[in-house]
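Sequence positions in the sequence shown follow mature numbering (1 follows the signal peptide of the UniProt record, and there is no 0) and run -22 to -1, 1 to 302.
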Amino acid sequence: MRALLALIVSGLIWLCAGSAFAHEVRPALLSLDGVADGYAVTWKQPVNNGRRLKLTPIFPEGCDATPPTIKLDEGTVIERFTLNCALNAGEIRIEGLERTLTDVFVRINEADGSTRSALVKPSNPVMDLTVETPPAANAYFGEGILHIVMGWDHLLFVLGLCLLVSRKQVLGVATSFTLAHSLTLAVAAFGLFSLPSRPVEILIAASILLLAVEIIRKWRGQVGLTATRPYLVSFGIGLIHGLGFAGALADLGLPNGQELFALILFNLGVEAGQFAIIAVALAVGYLGYRLAPKLTRPTATLATYAIGSIAAYWLIERLAGYVV
């Protein structure tokens, strides 16, 4: 089972490396709050590998914007300005989005309390202001799936667990990981507890490196805590990864009056993506084992060392960014 699973992990790792070891494809947020004669605008863009994405919101003709105030906060560029116009016709276009993998969550909170929202994607980087939009919370399910699929660190940890434990243990380990990160995601989302994103990302990278070391130790007969208590360890590390999920959710914000519903949908999206990936990996891995059982150890070893190498790179990079 582990043979083709290891190849899948290796492929994901090298794809990740080809993306300059990016942490994840984080969404951008364009929030417009209705005020007298216009909107107070907050425009949040993720910083990828120290570089600001070249994204620019283009508003309908006749909209005048004041000069923005710009702030860099925890890997996000935040611009705030005022828009003088009514957004009842035309479209909002995100210039440059088509050249990225980033989504933009657009939320318009009108002065009368009504809300419009849209998830703007690179394939169609516009929000049509004349079209009725679904409730704001509905987009959070897709964002949860996107976060786990494009969040390489979370994904590699889950797949690494599949390499460490037996097929019978995978479901229990994944469930333990799920319960833990769901707990910290909820606690952090409602402001009951939080940590700055940089220390969280450092801990996440360290957890992946630890997992890779534990896999190698197990194969050498040096059984550690992760191998003997996988449910406990996956729960503990899941608490840390939940803070990472909360950071992505904080980038989006929660829609007014729909906070709990949006949180549940985001978490369900994360779980759907996570278990779908595990199910496919195990199914294909079993097929690979049946076809080429002799490749099990070499490919699993290759995948494990690749996981450890990427995690070490992330750890050094994030520590350097935190210190500097």
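Note that CB positions come from ideal geometry on N, CA and C, so glycine has one too.
Treat the numbers as computed from the prediction; the structure is a model and nothing was measured.
query: Beta-carbon contacts of S185 that lie in its chain and below 7 Å, excluding the five residues immediately before and after; result: F135, I215 and I218
query: With 16 other Cβ atoms within 10 Å as the buried cut-off, status of S175; result: buried
query: Three-state class that DSSP yields for D106 in the structure shown; result: strand
query: Test item: CB-CB of A14 and P38 under 8 Å; result: no
query: Identified DSSP bridge partners for S172; result: Bridge partners of S172: none, in fact.
query: For L187 and R268, the rounded distance between their alpha carbons; result: 29 Å
query: Nearest-angstrom Cα separation, counted from L221 out to E179; result: 9 Å
query: Beta-carbon spacing of A96, M105 below 8 Å; result: yes
query: Element boundaries [beta strand (DSSP E), containing D51]; result: T47 to D51
query: Bridge partner(s) assigned by DSSP for W21; result: L8 and E57
query: I256 versus V201: straight-line alpha-carbon distance, rounded; result: 24 Å
query: Sequence-distant residues of its chain with Cβ nearer than 6 Å to V143 (five each side left out); result: V151 and P208
query: CA-to-CA distance, G12 to D42, given in whole angstroms; result: 15 Å
query: Residue span of the alpha helix (DSSP H) that contains A259, given as start and end; result: E237 to L269
query: DSSP three-state assignment for N116, whether helix, strand or coil; result: helix
query: For A240 and G247, the rounded distance between their alpha carbons; result: 10 Å
query: V151: first and last residue of the uninterrupted beta strand (DSSP E) it sits in; result: Here V151 belongs to no beta strand (DSSP E); instead the alpha helix (DSSP H) covers R145 to A167.
query: Residues sharing a beta bridge with T34, DSSP; result: E73
query: Under the three-state DSSP convention, the category S101 falls into; result: coil
query: C-beta contact flag for L65 and I86 at 8 Å; result: yes
query: Euclidean distance between Cα positions of L243 and F119; result: 5 Å
query: Sub-8 Å separation of T282 and A190 beta-carbons; result: yes
query: CA-to-CA distance, T54 to A228, given in whole angstroms; result: 11 Å
query: C-alpha gap between L124 and W130, whole angstroms; result: 11 Å
query: Whether K22 touches A6 by CB criterion (8 Å); result: yes
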